[in-house]
Amino acid sequence: MTEREKWEAGLWYDANFDEELRIEREKAEERYTEFNQTRPSQKEKRAELLPGMAEDVVILPHFYTDYGYNCVIGAGSYLNHGAYLMDCAKITIGQHCFIGPGCGMYTAIHPILPQERNSGLELCKPITLGDNVWLGGDVTILPGVTIGSNTVIGAGSVVVKDIPSGVVAVGNPCKVVRPITEEDSIYFHKD
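Residue numbers for the sequence shown, in the working numbering: 102 to 292.
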C-alpha cells in the first residue's frame with residue numbers, strides 16, 4: 102500500500118518523507134504563491150489556482166494551504182489575510198462564512214512519542230464549517246471538528262470539539278456561551 106493509499110484510507114501515513122506527497126505539497130506551494138501574487142481583478146486566475154472555490158469567494162493574501170485540492174469553499178465566503186487551511190484531510194467551508202485574519206484550520210494529527218513523530222507519520226481528520234459561520238481573528242480549529250451553521254466563534258478561540266449551530270462560542274478550549282437569538286439583531290433595540 103502506498104503512502105497516498107494509506108492517507109486516503111484514513112490510516113497513519115508518511116507525510117514528511119514520501120516523495121509523491123512532497124511533490125504534491127510543493128505544487129500547492131507554487132499555486133498559493135502565485136495566488137498570493139494575483140491582483141483582486143484576476144478572479145479567473147484565482148479560481149484556477151484553488152479549484153474548490155465557488156463564485157463570489159474573496160480570499161485576501163496571504164493565503165496558505167498544504168494541497169489546495171482538499172479545500173471546498175462555499176459561495177459568498179470571505180477569508181481575511183493570513184488564512185492557513187492545512188488540508189491534509191478535506192476542509193469544507195459553507196456558504197457566506199466570514200473567516201477572520203490569521204485563522205488556521207489544521208487537519209493533521211502527529212504521534213505523541215518523538216521517535217514516531219520524527220519518522221514523519223501523520224493521521225488526518227476533516228474539518229467542516231456550516232453556512233454563515235463567523236470566525237473571529239486568530240481562531241484555531243483542530244482536526245475532526247465540525248462547526249454548525251449560523252455560529253459565531255470569538256477571536257482567539259481554539260476549537261477542539263464540535264460546536265452546534267446557532268450559538269456563540271469562545272475560549273481556549275472553545276465552549277458555547279449562549280444561543281444566538283433575535284435579541285442579537287442590530288434592529289432589536291431600536292429607539
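All C-beta atoms in this analysis are idealised placements derived from N, C-alpha and C, irrespective of residue type, glycine included.
Comparing C-alpha distances from C198 to each of A116, L236, P265, F136 shows the shortest one belongs to L236.
In this structure the stretch 186–194 touches the stretch 221–229; the number of beta carbon pairs closer than 8 angstroms is three or more. Under the DSSP assignment, T134 falls in the alpha helix (DSSP H) whose first and last residues are 120–138. Between the alpha carbons of I192 and M206 lies a distance of about 8 angstroms. Ranked by Cα distance from V261, the options C172, V277, G267 are led by V277. Straight-line measurement puts the Cα of L243 at about 16 angstroms from the Cα of P265. Residue burial is scored here from C-beta neighbours: R140 has fewer than 16 other C-beta atoms within 10 angstroms and is therefore classed as exposed.
Contact annotation, G203 with G183: C-beta distance approximately 4 angstroms; criterion of less than 8 angstroms satisfied. Per DSSP, P215 is one residue of the alpha helix (DSSP H) stretching across 215–218.
Rounded to whole angstroms, the Cβ separation of D263 and V246 is 6 angstroms, and the two are in contact under 8 angstroms. For E104, the uninterrupted alpha helix (DSSP H) run begins and ends at 104–109, by DSSP. Leaving aside the five residues that flank V173 on each side, the residues in its chain whose CB is nearer than 6 angstroms to its CB run, in chain order, G153, T193. Its chain contains G249, T252, V253, V277, V278, R279, P280, I281 as the residues whose beta carbon lies nearer than 8 angstroms to that of V268, once the 5 sequence neighbours on both sides are disregarded; these appear in chain order.
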